[in-house]
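Beneath this line is the structure, given in C-alpha cells, with notes to follow.
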Amino acid sequence: MEYIRENGRQIPVAYCAQVGIAGGGPAGAMAAIAAGRAGARTLLIERANCAGGIWTSGLFSWMLDVTNKGGLLRELMERIRDKGEGDFGRAGNFLTFPETLKRELDDMLLDAGVNILYHTQVAGAVRDGRRLTHALMESKAGRQAAAGDVFIDATGDGDLSALAGCRFSIGNDAGVTQPASLIAIVTGIRAEDMRRFNSALTYENGQNAKTLLLAEMARAGFTPSYKLPCLMHVRGDVWLMMTTHSYGIDPLDPASLTEKTIEARRELYRQEQALRALGGVWRDMRIVATAPCIGIREGRRILGKYTVTAEDALAGRAHEDAVCRVQYPLDVHPLEAGRSAETELKGLKSKPFDIPLRALESADIDNLLLAGRLISGDFYAHSSYRVTGDAATIGEAAGACAARRAAPQVPR
Numbered sequence: 053m054e055y056i057r058e059n060g061r062q063i064p065v066a067y068c069a070q071v072g073i074a075g076g077g078p079a080g081a082m083a084a085i086a087a088g089r090a091g092a093r094t095l096l097i098e099r100a101n102c103a104g105g106i107w108t109s110g111l112f113s114w115m116l117d118v119t120n121k122g123g124l125l126r127e128l129m130e131r132i133r134d135k136g137e138g139d140f141g142r143a144g145n146f147l148t149f150p151e152t153l154k155r156e157l158d159d160m161l162l163d164a165g166v167n168i169l170y171h172t173q174v175a176g177a178v179r180d181g182r183r184l185t186h187a188l189m190e191s192k193a194g195r196q197a198a199a200g201d202v203f204i205d206a207t208g209d210g211d212l213s214a215l216a217g218c219r220f221s222i223g224n225d226a227g228v229t230q231p232a233s234l235i236a237i238v239t240g241i242r243a244e245d246m247r248r249f250n251s252a253l254t255y256e257n258g259q260n261a262k263t264l265l266l267a268e269m270a271r272a273g274f275t276p277s278y279k280l281p282c283l284m285h286v287r288g289d290v291w292l293m294m295t296t297h298s299y300g301i302d303p304l305d306p307a308s309l310t311e312k313t314i315e316a317r318r319e320l321y322r323q324e325q326a327l328r329a330l331g332g333v334w335r336d337m338r339i340v341a342t343a344p345c346i347g348i349r350e351g352r353r354i355l356g357k358y359t360v361t362a363e364d365a366l367a368g369r370a371h372e373d374a375v376c377r378v379q380y381p382l383d384v385h386p387l388e389a390g391r392s393a394e395t396e397l398k399g400l401k402s403k404p405f406d407i408p409l410r411a412l413e414s415a416d417i418d419n420l421l422l423a424g425r426l427i428s429g430d431f432y433a434h435s436s437y438r439v440t441g442d443a444a445t446i447g448e449a450a451g452a453c454a455a456r457r458a459a460p461q462v463p464r
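To convert, count from 1 in the sequence shown and add 52; that's the working numbering.
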C-alpha cells in the first residue's frame, strides 16, 4: 500500500467536557443522559443525525431483554407507551417506531443538559500515558478536538478505544463475526391478515412465525439468506422486516460494509417482488425504507479489567459490582450460509448472569469506560449481552460512573 504524509497542523480544542461520550446508540445515549442528570458537563459525539443507533439509524426499534430492566430504559419505554406509540410484545420485548425513539431521546438528552454533537465522527485519540486527554473528531467543520476528564466509548465497534491503542478481540477464535442484517420498513399489509407471520407476537399453537414466513417465501419461489426471517408489526400498516444475513462482513472495512449493504438492499427488493407476486395479503406490500446503517451484530470487544465469558453465562454468575443482569440467551447467528444457530452454539445454554463494572473499565486507559456491546467479553457471552436492552442498561451505569469520577461531588 502506498502512503502519504499529512502536513502537521494545529487542531482546535472546540469542546471541553467532564464526560465525553463517543457514540450515541442505546448505550451512548443512556450514558449521556445519566451523566448529564448527575450534574456532569457532558458531550455526546454521534456520526448520524440522531441518537439511538440500531434503534433509529438501523431501523431495528425492537428492544430485546427489557423485562427486568429499570432506570432510564424503563423511563424511555414508559414515555413511549404513555403516548400510545409502543408496547410490549413477545417475551416482553418492546416495539415502537424508530422516529419515536429519535424524538424521545432528543428530548431526554436535552432535558439532561447534554451537549449533543450529531454529524460528527470520532477520528482519533490523544493519550498522555494511561490517560486519554482528547478525542479527535471529523465533521463539516474539519478536524476538531474535544477535551475530557473521563471518556466513554459507546461506538459499538470500539472505535475510540482502538484509536487510543487499547487491546481488543473480534469474532470467534478464527476472527469470524456474526452476519449483519439490513432492516427495512414495510407498509401495505394489514395486521389482521398477517398475525401468523408477526414475530412480535407470542407464537400461537406452537407455530413459529419465522418458520411460517420462510415457508411463504418458499411458496413465492425465494429463499432468503436469513433462514429465520422476521416481520414485526409496529402500528397500523407499519412493519419492520429483518430477512437478510450478510455473511463474511468485515465491520471495520468500509469496502466490505458497502458491498454487503448493496447486496442486502438488492435482496430485500427481490423479496418484496416475490411476495407481491403471490397476490392476496401481499399484493400491496411495499418497502418504503431500508436502514441508513446495516445492522452490525459484532465488532471489537475491548479488553477490560474483567472479561465476561461463556462460563459466566452458563453458570449464571453474579458479581458484587454488577451493573446489569442479562436474561437474553446465547444467540449466535450462523457464521456461514448453510449452517444453523444450533451448530454454532454447540448445545450451550445460558442462565441469567451479571455484567460487572470491571468489564466496563478499560484495562489500558485509566479514564476510559466502555458501554454497550463493545465491553470486555468473549465471543459467546457477547452473543447474549449484545442486545439493546442490556446495552442501554450498561450505558446508564457507565454514564453514572463517569460522572462520579469526573466530578467527585456528584452523589453516589
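Each residue gets a CB set at the ideal place from its N, CA and C atoms; glycine is no exception.
Going by other Cβ atoms of all chains shown within 10 Å of its Cβ, with 16 needed for buried, is D205 buried or exposed?
In the sequence shown, residue 205 corresponds to position 153, counting from 1. The residue in question, D205, is buried, as its Cβ has 16 or more Cβ neighbours within 10 Å.
Runs of beta strand (DSSP E) lying entirely within the region 372-437, each at least 3 residues, in chain order:
List check, beta strand (DSSP E) in window: 374-378, 405-408 and 420-422.
Are D483 and T361 closer than 7 Å when you measure CB to CB?
Since the first residue of the chain shown is 53 and the last is 464, residue 483 is not available in this structure.
Residues that DSSP places opposite T185 in a beta bridge:
As a position in the sequence shown, residue 185 is number 133, starting the count at 1. Beta-bridge partners assigned by DSSP to T185: none are found.
Backbone secondary structure at F249 - three-state DSSP:
On the sequence shown, residue 249 is found 197 positions in, with the first residue counted as 1. Reduced to three states, the DSSP call for F249 is helix.
E190 (DSSP reduced to helix, strand or coil):
Here residue 190 corresponds to residue number 138 of the sequence shown, with the count starting at 1. Strand.
Looking at M294 and I348, is the spacing between their C-beta atoms short of 7 Å?
Walking along the sequence shown from the start, residue 348 turns up at place 296. Walking along the sequence shown from the start, residue 294 turns up at place 242. No.
Can you give, in chain order, each stretch of the beta strand (DSSP E) that sits fully within the region 104-183 and has at least 3 residues?
138-140, 146-148, 167-169 and 173-180
Are there 16 or more other CB atoms within 10 angstroms of the CB of N257, so buried, or fewer, so exposed?
Taking the first residue of the sequence shown as position 1, residue 257 is located at position 205. Model confidence at N257 stands at a pLDDT of 47, short of 50, so the residue's coordinates are unreliable; what they give is reported in the following sentence. Exposed, by the Cβ-count rule.
Would you kindly report the start and end of the unbroken beta strand (DSSP E) that includes S233?
The count along the sequence shown starts at 1 and reaches residue 233 at position 181. For S233, there is no enclosing beta strand (DSSP E), since its DSSP letter is neither H nor E.
Have a look at A87, Y55, N59 and V65 and flag the residue whose alpha-carbon is nearest the alpha-carbon of E448.
For the purposes of this step, residue 448 is identified with residue 396 of the sequence shown, where counting begins at 1. That would be A87, whose Cα lies nearest to the Cα of E448.
Are the Cβ atoms of M189 and T207 separated by less than 7 Å?
Against the sequence shown, residue 189 aligns to sequence position 137. Against the sequence shown, residue 207 aligns to sequence position 155. Cβ distance not < 7 Å, so M189 and T207 don't count as in contact.
Have a look at E324 and P303 and give me their C-alpha separation to the nearest angstrom.
Here the question's residue 324 lines up with position 272 in the sequence shown. Here the question's residue 303 lines up with position 251 in the sequence shown. Each residue's alpha carbon lies about 26 Å from the other.
Put T445 into one of helix, strand or coil per three-state DSSP.
Here residue 445 is taken as the residue at index 393 of the sequence shown, counted from 1. The three-state secondary structure of T445, taken from DSSP, is helix.
Would you mind sorting E363 into buried or exposed? The rule is 16 or more other CB atoms within 10 Å of its CB.
In the sequence shown, counting from the first residue as 1, residue 363 sits at position 311. Burial call: exposed.
Do you know how far the Cα of E54 is from the Cα of L212?
Position 160 of the sequence shown, counting from 1, holds the residue named residue 212. Position 2 of the sequence shown, counting from 1, holds the residue named residue 54. Those two C-alpha atoms are separated by around 25 Å.
If you reduce the DSSP assignment to three classes, tell me which class V439 lands in.
Along the sequence shown, read from residue 1 onward, the residue named residue 439 stands at position 387. In the structure shown, V439 adopts coil according to DSSP, grouped into three states.
Measuring alpha carbon to alpha carbon, tell me which of G200, Q230 and L355 ends up nearest V65.
Counting from 1 along the sequence shown, the entry for residue 65 is found at position 13. Nearest of G200, Q230 and L355 to V65, Cα basis: G200.
Just checking my contact of A452 with A90 at CB under 8 Å: how many whole Å lie between their CB atoms?
Taking the first residue of the sequence shown as 1, we reach residue 452 at position 400. Taking the first residue of the sequence shown as 1, we reach residue 90 at position 38. So it is a contact: roughly 6 Å between Cβ atoms.
C-beta atoms of A454 and P78 nearer than 7 Å
Position 402 of the sequence shown, counted from the start, is the residue given in the question as residue 454. Position 26 of the sequence shown, counted from the start, is the residue given in the question as residue 78. Contact: no.
Given a threshold of 16 other Cβ atoms within 10 Å of its Cβ, counted over all protein chains shown, does L162 qualify as buried or as exposed?
If you number the sequence shown from 1, residue 162 lands on position 110. Exposed: under 16 other Cβ atoms inside 10 Å.
Measure from the C-beta of V178 to each C-beta in chain D and report whether the shortest distance is under 7 Å.
As a matter of chain content, chain D is missing from the structure shown, which is built from one protein chain.
How big is the Cα-Cα spacing for I241 and S113?
One-based indexing of the sequence shown puts residue 241 at position 189. One-based indexing of the sequence shown puts residue 113 at position 61. Rounded to whole angstroms, I241 to S113 spans 19 Å at the Cα level.
One question on the structure: do L320 and I301 come within less than 7 Å of each other, judged by their Cβ atoms?
As a working mapping, residue 320 is identified with position 268 in the sequence shown. As a working mapping, residue 301 is identified with position 249 in the sequence shown. No; because the gap between Cβ atoms is not below 7 Å, this pair is not in contact.
Candidates A374, S308, N419 and A329, of which the one nearest R410 by Cα:
Residue 410 sits at position 358 when you count from the first residue of the sequence shown. Cα-wise, what sits closest to R410 is A374.
Which word fits G390, buried or exposed, when buried means at least 16 other C-beta atoms lie within 10 angstroms of its C-beta?
For the purposes of this step, residue 390 is taken as the residue at position 338 of the sequence shown. Classification for G390: exposed.
Is the beta carbon of V439 less than 7 Å from the beta carbon of D139?
As a working note, residue 439 is residue 387 in the sequence shown. As a working note, residue 139 is residue 87 in the sequence shown. No. Outside cutoff.
Could you give the uninterrupted runs of the beta strand (DSSP E) lying entirely in the region 307-349, keeping only those of 3 residues or more?
338-342
Which same chain residues, not among the five before or five after G368, have their C-beta less than 6 Å away from its C-beta?
Here residue 368 corresponds to residue number 316 of the sequence shown, with the count starting at 1. These residues qualify, in order along the chain: K403, P404 and F405.
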